[in-house]
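Single-structure report; data block below.
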Amino acid sequence: MTLSPARLLALFLCAGLAACAHNQAPCPPVAPGSAGADGLPDWHDVITDPDHVRLRDWRKAFVAGLDQARQGGHGAEIDAEGRLLDPDAGTDGATLPVGHYRCRTIKVGAKDTARTSYIAYPAHHCQVRPSDKLTRLVELDGLQKPSGRLYPDGPSRTVFLGTMILGDEQKPIAYGRDADRDMVGAVQRIGDKQWRMLIPDPAWESKIDVMELVPEN
């Protein structure tokens, strides 16, 4: 796991205190989501090791999924989506404003030959709402509803860390408790009032999930 400068500093200070203390009590761990230099929680302090690998390799998963879908005869559908399914379409302005969105998910590629390599689902309702010092993205309807916090990561990307709400569950489980439910995503702006969230190597079904987000108003 990559440690942020804030976490490295905290660990260094803690080690120094332990060395000079008369009663060397165990050093308490840095709380997940501890504030970085900008005062906001840092995703490096929260992300699990498997999700860190997925996030790092998002483009590799995207290209592999597109290649597999094209080989499966879905080239025209991919081309019709334009920038949404272009791995290099991201631009600055990745921060999702608070509000309601129409969100639809396309599953690209398949984890095994028994599954189709391209599935486009109807749009659902999503919301971006304040969450402490950050914001939270929540899908409001459907059988599989992502819910997670959005962490700033420069002008061209926001990092999503969350979990999947299944069926009639009323609230998400905490991130990091169940690897099959954990989700990591890279949010990018791809046009005027158009964003996407890339979910590489999800636990089930696809090579990558691509969620389009368009404001409802």
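Residue numbers (mature numbering (1 follows the signal peptide of the UniProt record, and there is no 0)): -21 to -1, 1 to 196.
Glycine included, C-beta positions come from ideal geometry on N, C-alpha and C.
Exercise. Which residue comes first and which comes last in the beta strand (DSSP E) that contains A99?
Worked result: 97 to 99
Exercise. Does the beta-carbon distance from Q167 to R175 come in below 8 Å?
Worked result: yes
For this session: Report yes or no: do three or more beta-carbon pairs, one from the segment 146 to 156 and one from the segment 51 to 59, lie closer than 8 Å?
Result: no
Problem set entry | Residues bridged to G141 [DSSP beta-bridge criterion] | G127, M162
Exercise. Using the beta-carbon count (16 or more within 10 Å), is P179 buried or exposed?
Worked result: buried
Problem set entry | Member of T137, Y100, T84, V163 whose CA lies at the smallest distance from the CA of G72 | Comparing Cα-Cα distances from G72 to each of T137, Y100, T84, V163, the minimum goes to T137.
Exercise. At which residues does the alpha helix (DSSP H) containing P194 begin and terminate?
Worked result: Per DSSP, P194 belongs to no alpha helix (DSSP H); it is in the beta strand (DSSP E), 187 to 194.
Exercise. Where does W183 land, buried or exposed, given buried means 16+ other C-beta within 10 angstroms?
Worked result: exposed
For this session: Mind the definition here: the segment 19 to 33 touches the segment 142 to 150 only if three or more C-beta pairs lie below 8 Å; say whether that holds.
Result: no
For this session: Give the DSSP-derived three-state secondary structure of V32 in the structure shown.
Result: helix
For this session: Please look up how many angstroms separate the CB atoms of G141 and P125, rounded, as I've assumed it's under 8 Å.
Result: 6 Å
For this session: With R38 as the anchor, note down where its beta strand (DSSP E) starts and where it stops.
Result: Where R38 is concerned, there is no enclosing beta strand (DSSP E), although the alpha helix (DSSP H) it sits in stretches over 37 to 50.
Exercise. In this structure, does DSSP put L122 in helix, strand or coil?
Worked result: In the three-state reduction of the DSSP assignment, L122 falls in the coil class.
Exercise. Tell me the DSSP bridge mates of I85?
Worked result: A99, V189
Problem set entry | In DSSP terms, what H79 is bridged to | Q106
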